[in-house]
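Visitor: Dropping a structure here in structure tokens format, bear with me for questions.
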Amino acid sequence: MLTNEYLKRVYGQVEQRDGQEPEFLQAVREVFESLELVVDQHPEWEQAGLMERFVEPERVVEFRVPWVDDAGRTRVNRGYRVQFNSAIGPYKGGLRFHPSVNLSVIKFLGFEQVLKNSLTTLPMGGGKGGADFDPKGKSDGEVMRFCQSFMTELYRHIGQFTDTPAGDIGVGAREVGYLYGQYKRIVGRFEGGVLTGKGLDFGGSLARTQATGYGLCYFASEALAHLHGESFQGKTVLVSGSGNVAQYAAEKCTALGGRVVAMSDSQGYVYDARGIDLEKLLDIKQRRRERISVYAQEVPGAEYHPGCRDIWTVPCDIAMPCASQNEMDEAGAKALVSQGAMAVFEGANMPLTPEAVELVRRAGLLYSPGKASNAGGVAVSGLEMSQNSLRLSWSFQEVDEKLRGIMGQIYRACYNASVKCGRPGDLMAGANIAGFLKVAKAMLAQGVV
Ligand code: NDP
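First residue of the sequence shown? That's 276 in the working numbering, and the numbers climb one at a time after it.
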């Protein structure tokens, strides 16, 4: 419940203007509920119309993406780029290719990205983009033609000093390669590498592929140690999803002594009491691009259960939702709590519904929001930009160490902000407040723009 008059008024305006964008409203509301704890100390925010500006993207680009499929049929998708806030640096944020993409989804992701990028300590503003295109079931040629058409419009809006996209759901190394190739062909310049998550042979950073999943586990380790004197050692862990973030979260958590017993995709989940065989999982997902059900067909003793939401009914100590927004609802959270889980670390963006967040927090579980715990991906994207500008490549170990350092800093920034606002250990309030304060200061310093 919002009680502050200024925040209530601005939220009311957003509801009126963007009422048809439920994910965006959900994200704004969650951030405002945290900012209530500090807004009274900053009367200058209202005087400067800061919140009104903060919830309005600087620019929204929506465009047609026509392409020709293998049967010679013309298809048309809708592309987006939301350049949300450039107060602390050029826009930065991924591209998502998934049939569920619409303006609400891209705006919520862009809004979250502003705070996440602020938390990384690197000078990056926030943006996000994508298309309602489904790369699943498409040939490489179809994906390439789609990416080329998408970039033929997007290129005019991006650049190393304006906006540098990266991957997200449905946009991995293959798609980034095709997008970058078309960008370079059109502008004829390297442009500081412009996209991040590139292949290692053309400017990509070592450890970028692993960064979000590894970073999530580094953040979780810090929080477990500091708040509970605990670690992953001997813990039973659920990791939802089986894409980029989930794969490397599972790998790092296993390396740190955890046992990942269940993973999922959008159709269902697999349960393997001995711990997921990661080599097998990567073969199925990265090389063969198959459904996760194949895991249960090929690994003796493993079970497949249709319905991805039921993964949270598996008993565990730690849950790491790494698939998509609102993937854990009240029922999922109830199941986790009743099984005695101790922590939820978000790898995906906004994977818990507001009701689920409320439930796990009220039950006293350690909870970290995605904007803090999944910031490792964009942090290493920032390091890829640095390497491209320096014309240097750092070793895997160097990047991984910097990533670990950044995740530690993010954890401490969130924790310190939680103490300052009178809610020690409330990492959601801490992340929203710490991320926002930096953006707010930069916006105030730059005047009404
Ligand atoms: P991928 O496309 O690599 O994997 C997504 C996974 O989530 C797949 O297993 C997919 O299953 C599953 N999934 C997608 N949509 C749904 C849905 N509606 N319900 C249930 N499962 C679903 O994406 P990433 O791993 O890159 O991204 C996962 C999450 O992490 C997203 O929220 C993303 O925004 C966030 N994130 C990603 C970063 C990155 O660096 N990649 C950085 C920070 C955050 P299926 O194959 O069946 O569709």
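Glycine is no exception: its CB is placed at the ideal position from the N, C-alpha and C atoms. It should be emphasised that the depicted structure is a prediction, and the values quoted were computed from it without experimental measurement.
Mapping the DSSP letters down to three states, classify Asp443 as helix, strand or coil.
Guide: It is a strand residue.
Visitor: Taking Ala706 as the reference, which of Lys716, Ala717 and Val694 has the closest Cα?
Guide: Looking at the Cα atoms, Val694 is the closest of the given residues.
Visitor: Rounding to the nearest angstrom, what Cα-Cα distance links Tyr430 and Phe372 in this structure?
Guide: Approximately 17 Å, taken between the alpha carbons.
Visitor: Measuring only the C-alpha atoms, how far is Phe421 from Ala594?
Guide: The straight-line gap from Cα to Cα measures roughly 36 Å.
Visitor: Among Trp342, Asn377 and Gly442, which has the Cα closest to the Cα of Lys367?
Guide: That would be Gly442, whose Cα lies nearest to the Cα of Lys367.
Visitor: Mind checking whether the beta-carbon of Met487 lies closer than 6 Å to any heavy atom of ligand 1?
Guide: The amino acid occupying residue 487 in the given sequence is Thr; Met does not appear at that position. Thr487 Cβ: within cutoff of ligand 1.
Visitor: List the DSSP bridge partners of Gly700.
Guide: For Gly700, which the question treats as bridged, DSSP gives no partner whatsoever.
Visitor: Within 10 angstroms of its Cβ, does Val724 collect 16 or more other Cβ (buried), or is it exposed?
Guide: Exposed is the call here.
Visitor: Please report how far the alpha carbon of Val343 lies from the alpha carbon of Met703, in whole angstroms.
Guide: Taking the straight line joining both Cα atoms gives about 45 Å.
Visitor: Less than 6 Å between C-beta atoms, sequence neighbours within five positions excluded: which residues of the same chain meet that for Ser599?
Guide: The residues are Ala623.
Visitor: With respect to 6 Å, is the separation between the Cβ of Glu290 and the closest non-hydrogen atom of ligand 1 below this value?
Guide: False, no ligand heavy atom lies under 6 Å from that Cβ.
Visitor: Going by beta-carbon coordinates alone, are Gln358 and Asp407 separated by less than 7 Å?
Guide: Contact flag unset, no.
Visitor: Just checking Asp443 against ligand 1 - is the residue's beta carbon closer than 6 Å to any of the ligand's heavy atoms?
Guide: Yes, the beta carbon of Asp443 sits closer than 6 Å to at least one heavy atom of ligand 1.
Visitor: Where do the N-terminal and C-terminal ends of the beta strand (DSSP E) with His580 fall, by residue?
Guide: Counting along the chain, the beta strand (DSSP E) containing His580 begins and ends at Glu578 to Pro581.
Visitor: What does the alpha-carbon distance come out to for the pair Pro398 and Gly479?
Guide: Straight-line Cα distance between these residues: approximately 19 Å.
Visitor: What span of residues does the alpha helix (DSSP H) with Leu491 cover, start to end?
Guide: Run containing Leu491: Arg483 to His503, per the alpha helix (DSSP H) assignment.
Visitor: Give the DSSP bridge partners of Trp342, in chain order.
Guide: According to DSSP, which records beta bridges pairwise, Trp342 is partnered with Arg350.
Visitor: Under three-state DSSP, which class holds Leu470?
Guide: Coil at Leu470, not helix or strand.
Visitor: From which residue to which residue does the beta strand (DSSP E) around Pro596 run?
Guide: Ile593 to Pro596 is the span of the beta strand (DSSP E), which, as asked, contains Pro596.
Visitor: Can the beta-carbon of Ala571 be found closer than 7 Å to that of Glu578?
Guide: Cβ distance < 7 Å, so Ala571 and Glu578 count as in contact.
Visitor: My guess is that Met419 and Tyr458 are in contact by the Cβ rule of under 8 Å, so how many angstroms apart are they, rounded?
Guide: About 13 Å; that fails the 8 Å criterion.
Visitor: Look at Tyr523 and Met682 and say whether their C-beta atoms are less than 7 Å apart.
Guide: Contact flag unset, no.
Visitor: Decide if Asp315 is buried, meaning its Cβ has at least 16 other Cβ atoms within 10 Å, or exposed.
Guide: With fewer than 16 Cβ atoms within 10 Å of its Cβ, Asp315 is classed as exposed.
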